[in-house]
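Encoded as C-alpha cells, the structure appears first; notes follow it.
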Amino acid sequence: MRLTLSDIQSRKNPDEPLVCLTAYTTPMARSLCPHVDLLLVGDSVGTVLYGMPDTTGVTLDMMIQHGRAVMRAAPDVPVIIDMPYGTYEDSPAQALSNARRILQETGAHGVKLEGGVDMAEIIAALTDTGIAVMGHIGLQPQSVKKDGGYKIKGKTSAQIEALMADARAVENAGVFALVIEGTIAETASQLTRAVGIPTIGIGGSPECDGQILVTEDLLGLLHGHKPKFAREYAHLRGDIDKAAARFADDVRKRTFPLPDNLYTRSTGKT
Ligand code: KIV
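The numbering used here puts the first residue of the sequence shown at 3, with every later residue one more than the last.
See the structure below:
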C-alpha cells in the first residue's frame, strides 16, 4: 500500500522511518519507485547531472523537464519538485505562479523550497491555496554564495535557536514535512522533537522521521567530494570505468561486434 502526502504528514515518530530518494529521469524513477515512500526531483540535478558548481544556476524549465521525466515513470509514490533559486523568494505572487506552473506542467504532487522564518509568508501563500509544500532548513544549498560555502548548521546556541524558529515558522506556514540538511545530529534530533510534522534528514540525525539521499551518491556514481552522510551502497563509478575500458579493448581488438551482435537477412530483427 503506497502512502499519500497526507499519510506522510501523519508519519510522526513512525515505527519505520520514511524512505526518500532523489530522481531526475524516467529509468531511475522506475528503479526507485518500488523501494521509496517519496521521490524528490531535487535541484541537485544541476550539480549531479549538469556539472554546475552549485544549484543556483538551475532554472524552472530544467525542473519542469526533469519533473515530467520522473512522472513519465508513472510513479505510484508522491513526487515533489524543488523550486529553484530565484523562482519563489521575491513575493507570494511569484512563488504561486511558478509553483502552479511546476504542478500543472508535470502533474507532480507538491513542491519543496528552502528557507525558514524568511520564507514563512511565501510558504503560507502556497499552502493556503492547497499546494503541498515540503520545507527545507539547516544547510540550504541555494544559499551557498551568501553563506560562503557549504557550512554545517546548528553548532552554537544562537544557531540552534534560529533553526528552532525556522522549523516552527515553516510548520505554522503549513508544510507537510521538513527536510533538515547538514546540521549537528543533536540539533536535528531537537528540531525533530520540536515539531509535529515529519522531519526528513540528510546529514541530520537517526531520530529524524525519515531519511533522504541523493541517489547518485548512494550509487557511488559521483566524482569529487563525498559528503560524510552519503553512504555508498554501490560503486557504479568503478563499474562504468571497467565497462568502458572493456568496450574500448574489444573494439580495438576487433572482438566487438561479434556475429551475435549483427543483423543477417535471416535474423533481421532487433
Ligand atoms: O536538491 C536536492 O536533491 C535536495 C536534497 C538533497 C534534499 O534538496
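Glycine included, every Cβ here is placed at the ideal spot set by N, Cα and C. The structure presented is a predicted model; accordingly, all values stated were derived computationally and were not measured.
Exercise. At what residues does the beta strand (DSSP E) containing Lys114 begin and finish?
Worked result: Gly112 to Lys114
Exercise. How many whole angstroms separate the CB atoms of Gly109 and Val181, which I take to be in contact at a CB cut-off of 8 Å?
Worked result: For Gly109 against Val181, the beta-carbon gap comes to about 22 Å, at or over 8 Å, which does not count as contact.
For this session: Please list, following the chain, all residues that have a C-beta closer than 7 Å to any non-hydrogen atom of the ligand KIV.
Result: Thr24, Leu42, Gly44, Asp45, Ser46, Thr57, Asp84, Lys114, His138, Pro143, Val181, Glu183, Ile204, Ile214 and Val216
For this session: List the DSSP bridge partners of Ile204.
Result: Glu183
For this session: Counting only the same chain and skipping the five closest in sequence on each side, list residues whose C-beta sits under 7 Å from that of Arg233.
Result: Leu220
Exercise. For His225, does the three-state DSSP call read helix, strand or coil?
Worked result: coil
Exercise. Using the rule of at least 16 other Cβ atoms within 10 Å of the residue's Cβ for burial, across every protein chain shown, is Ser191 buried or exposed?
Worked result: buried
Problem set entry | Backbone CA spacing between Leu41 and Thr266 [nearest angstrom] | Between Leu41 and Thr266, the C-alpha separation is close to 44 Å.
Exercise. Pick from Asp243, His225, Ile104 and Ala245: whose alpha carbon is nearest that of Leu51?
Worked result: His225
Exercise. Hey, how far is the Cα of Arg256 from the Cα of Leu238?
Worked result: 26 Å
Exercise. From which residue to which residue does the beta strand (DSSP E) around His138 run?
Worked result: Val135 to Gly140
Problem set entry | N-terminal and C-terminal residue of the alpha helix (DSSP H) that Asp63 is part of | Leu62 to Met73
Problem set entry | Three-state secondary structure (DSSP) of Thr24 | Looking at Thr24 - three-state DSSP - the assignment turns out to be strand.
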